[in-house]
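Numbering (my numbering), first residue to last: 42 to 243.
Read the structure below first, then the notes.
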Amino acid sequence: MRNLIPVISLEGGRELTDERRGEGVYDAVPAVMRRLDSDKRMFGVSVTLTSRNYDDVIRNDYLKLLQALGCRAAFLIEYVPCGAEDKALCLTQAQKTHLRQIEKQLYRQCDMLVVSLPGNEDPYGGCLASGRGFLHISSTGALAPCPFAPWSDVSAKETPLKVALQSHLLKKIREGHETLRESRGGCALKENAAWVAALQKD
Ligand code: SF4
42 MRNLIPVISL EGGRELTDER RGEGVYDAVP AVMRRLDSDK RMFGVSVTLT SRNYDDVIRN
102 DYLKLLQALG CRAAFLIEYV PCGAEDKALC LTQAQKTHLR QIEKQLYRQC DMLVVSLPGN
162 EDPYGGCLAS GRGFLHISST GALAPCPFAP WSDVSAKETP LKVALQSHLL KKIREGHETL
222 RESRGGCALK ENAAWVAALQ KD
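Here it is as structure tokens:
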């Protein structure tokens with residue numbers, strides 16, 4: 042299936058990857074990558090950037106290691122908390138500032154696509170959800186504005202994508218994009234959760 046690109050989830054090094062993904066996962070990944078690479082399959086990696094793994098991941102040799110294993114894209118997803126209790130995992134302000142300062146230089150040194158978000162959304166006018174850049178289909182078929190946005194009012198199992206894109210919620214979020222221009226380095230939609238909840242009741 043030439044239009045599918047496998048994206049493998051890692052959490053940085055062995056300890057944090059195995060803690061979140063299960064014991065032995067980190068050590069199993071290089072063999073999978075080598076197989077994909079030898080089959081000439083394009084693949085990428087997704088890493089949730091947290092205050093705990095920031096130093097491990099942002100060090101250039103981590104991205105170089107992925108590149109050496111054949112990885113062609115790295116998605117560095119800044120951790121977005123679901124509740125107040127998870128906030129300790131958010132990047133610290135110093136880490137966010139450091140990332141913004143070094144990202145261009147870091148990415149230039151890598152021979153692969155490196156995207157960090159939500160921080161990288163500012164040049165594109167802010168939040169990319171609801172079809173501006175992202176859409177997410179969950180394992181149950183629920184069509185959500187973005188992989189990080191848990192709201193949905195339409196199922197891709199029951200509705201053709203072209204029609205589903207015009208759902209009340211997705212349309213209202215696109216129309217209200219002015220509210221989502223400023224992310225301050227976090228997720229603009231989550232910061233406006235009350236606004237999104239009100240849209241669902243409109
Ligand atoms: S919902 Fe959040 S993470 Fe998703 S595109 Fe919008 S700002 Fe970015």
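Just so you know, even glycine gets a beta-carbon here, dropped at the ideal spot from N, CA and C.
Keep in mind the model is a prediction, meaning the values are calculated, not measured.
key: Status (buried if at least 16 other CB within 10 Å, exposed otherwise) for Asn94   = Taking the sequence shown and counting its residues from 1, the one referred to as residue 94 is at position 53. Buried is the call here.
key: Cβ-based neighbour list, Leu147, same chain, cut-off 8 Å, excluding 5 preceding and 5 following   = Residue 147 sits at position 106 when you count from the first residue of the sequence shown. For Leu147, where only same-chain residues beyond five positions count, the Cβ hits under 8 Å are Ile99, Asn101, Leu104 and Val155.
ask   = Mind checking whether Val86 and Ala115 have CB atoms under 7 Å apart?
value = As a first step, residue 86 must be located in the sequence shown, where it is residue number 45. As a first step, residue 115 must be located in the sequence shown, where it is residue number 74. Their beta carbons are under 7 Å apart, which means Val86 touches Ala115 by this criterion.
ask   = Three-state secondary structure (DSSP) at Ser87?
value = Here residue 87 refers to the residue found at position 46 when the sequence shown is read from its first residue. DSSP places Ser87 in strand when its eight states are reduced to three.
inquiry  = What residue range does the alpha helix (DSSP H) around Leu210 cover?
reply    = Sequence index remark: in the sequence shown, residue 210 carries index 169 (1-based). Its alpha helix (DSSP H) spans residues His209 to Glu216.
query = Could you give the distance in angstroms between the alpha-carbon of Ser157 and the alpha-carbon of Glu199?
reply = The residue labelled residue 157 in the question sits at position 116 within the sequence shown. The residue labelled residue 199 in the question sits at position 158 within the sequence shown. The alpha-carbon atoms of Ser157 and Glu199 are separated by roughly 33 Å.
task = Return yes when the C-beta of Ala183 is under 6 Å from any heavy atom of the ligand SF4, and no when it is not.
result = On the sequence shown, position 142 is the one that residue 183 refers to. Ala183 Cβ: outside cutoff for every heavy atom of the ligand SF4.
ask   = From this set, Ala170, Ala190 and Glu223, which residue's C-alpha is nearest Lys212's C-alpha?
value = In the sequence shown, the residue the question calls residue 212 occupies position 171. Closest option to Lys212, Cα to Cα, is Ala170.
ask   = Comparing the CB of Leu51 with every heavy atom of the ligand SF4, is any distance shorter than 6 Å?
value = Sequence index remark: in the sequence shown, residue 51 carries index 10 (1-based). Not so, every heavy atom of the ligand SF4 lies at least 6 Å from the Cβ.
ask   = Between which two residues does the beta strand (DSSP E) harbouring Glu119 extend?
value = Walking along the sequence shown from the start, residue 119 turns up at place 78. Looking at the DSSP string, the run of the beta strand (DSSP E) that includes Glu119 is Ala114 to Glu119.
request  = Within its chain, find whatever has a CB closer than 7 Å to the CB of Asp258; leave out the 5 residues flanking it on each side and keep chain order.
outcome  = There is simply no residue 258 to check, as the chain begins at 42 and stops at 243 in what is shown.
ask   = Pro191: which of Ala129, Val121 and Gly166 sits nearest, CA to CA?
value = As a first step, residue 191 must be located in the sequence shown, where it is residue number 150. Selected option, being the one with the closest Cα: Val121.
ask   = Hey, is Phe175 close to the ligand SF4, as in C-beta under 6 Å from one of its heavy atoms?
value = If you number the sequence shown from 1, residue 175 lands on position 134. Checking the Cβ of Phe175 against the ligand SF4 gives yes.
message = Closer than 6 Å to a non-hydrogen atom of the ligand SF4 - does that hold for the CB of Leu230?
response = Locating residue 230 in the sequence shown gives position 189, where the first residue counts as 1. Correct: Leu230 has its Cβ closer than 6 Å to the ligand SF4.
request  = Go through its chain and collect everything with a Cβ distance to Gly54's Cβ below 6 Å, but skip five positions before and after it.
outcome  = Residue numbering aside, residue 54 sits at position 13 when the sequence shown is read from its first letter. Asp97, listed in sequence order.
key: Cβ pair Asp68, Gln108 closer than 7 Å   = The count along the sequence shown starts at 1 and reaches residue 68 at position 27. The count along the sequence shown starts at 1 and reaches residue 108 at position 67. Their beta carbons are not under 7 Å apart, which means Asp68 does not touch Gln108 by this criterion.
key: Selection from Gly167, Ala205 and Pro201 that minimises the alpha carbon distance to Leu230   = Within the sequence shown, the letter at position 189 stands for residue 230. When each option's Cα is compared against that of Leu230, the closest is Gly167.
ask   = Ile46: buried (16+ other C-beta within 10 angstroms of its C-beta) or exposed?
value = Along the sequence shown, one-based indexing puts residue 46 at 5. It counts as exposed.
Burial state of Ser180 (16 or more Cβ within 10 Å) = Against the sequence shown, residue 180 aligns to sequence position 139. It is exposed - the Cβ of Ser180 has fewer than 16 other Cβ atoms within 10 Å.
query = If you run the structure through DSSP and keep just helix, strand and coil, what is Val156?
reply = Counting from one through the sequence shown, the residue named residue 156 turns up at place 115. In this structure, Val156 counts as strand in the three-state DSSP scheme.
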